[in-house]
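Residue numbers (the UniProt record's numbering): 1 to 164.
Below, the structure written as structure tokens:
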């Protein structure tokens, strides 16, 4: 399969933090590809779709890490997981898949991930935690990069998301 060339032109950033009390932020900057612009942007959720908030020049959505002690208000999203990273047992992986609708009416899909340091037994954030950013890499050919990753986010349209 030849990858959709529009994916290479995307300017998507998933800003992550090892401090799971903070949210990850998925940001999409304006892109034009052969005269077409992104008209609509949604993330795939276990229970449907969630519209990304449109700003003056960017689209963005905040995604909470799963917590055992809190629920998330309606209109928010929570990562499911975490998933293990086979090559490094001190890292947890969280995924999000995005659907973008272009002005010519055709869609593009992309998956991004947050790789964060596993919490210690106390669930305290790592003192040296620093924000990381993960953007799609055009040369990546792993199986997960080219398929929509299983519904890894739960989004709340009208109901609160219960604590995990």
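All C-beta atoms in this analysis are idealised placements derived from N, C-alpha and C, irrespective of residue type, glycine included.
Counting only the same chain and skipping the five closest in sequence on each side, list residues whose C-beta sits under 7 Å from that of residue 4.
-> 108
Where in the stretch 72-105 do unbroken runs of the beta strand (DSSP E), each at least 3 residues long, occur, reported from the N-terminal end onward?
-> 77-79, 83-85, 88-102
Below 8 Å between beta carbons: does that hold for residue 211 and residue 25?
-> Residue 211 lies beyond the stretch modelled for the chain, which goes from 1 to 164, so this question has no answer here.
Which of helix, strand or coil DSSP assigns to residue 57 | coil
With DSSP as the reference, label residue 10 as helix, strand or coil.
-> coil
Find the nearest neighbour of residue 43 within the set 21, 58, 99, judged by alpha-carbon distance.
-> 99
Relative to the C-alpha of residue 28, which residue among 45, 54, 19 is closest?
-> 54
Just tell me which of 96, 7, 63, 62 has its CA closest to the CA of residue 38.
-> 7
Anticipated Cβ contact below 8 Å, residue 21 with residue 74, distance rounded = Their Cβ separation, rounded to whole angstroms, is 20 Å, which puts residue 21 and residue 74 out of contact at 8 Å.
Where residue 85 and residue 91 are concerned, what is the direct C-alpha to C-alpha distance, given to the nearest angstrom?
-> 6 Å
In its own chain, which residues sit with a C-beta less than 6 Å from the C-beta of residue 9, not counting the 5 before and 5 after it?
-> 31, 33
Beta-bridge partners of residue 51, as assigned by DSSP = 42
Mind checking residue 47: buried by the 16 CB within 10 Å criterion, or exposed?
-> exposed
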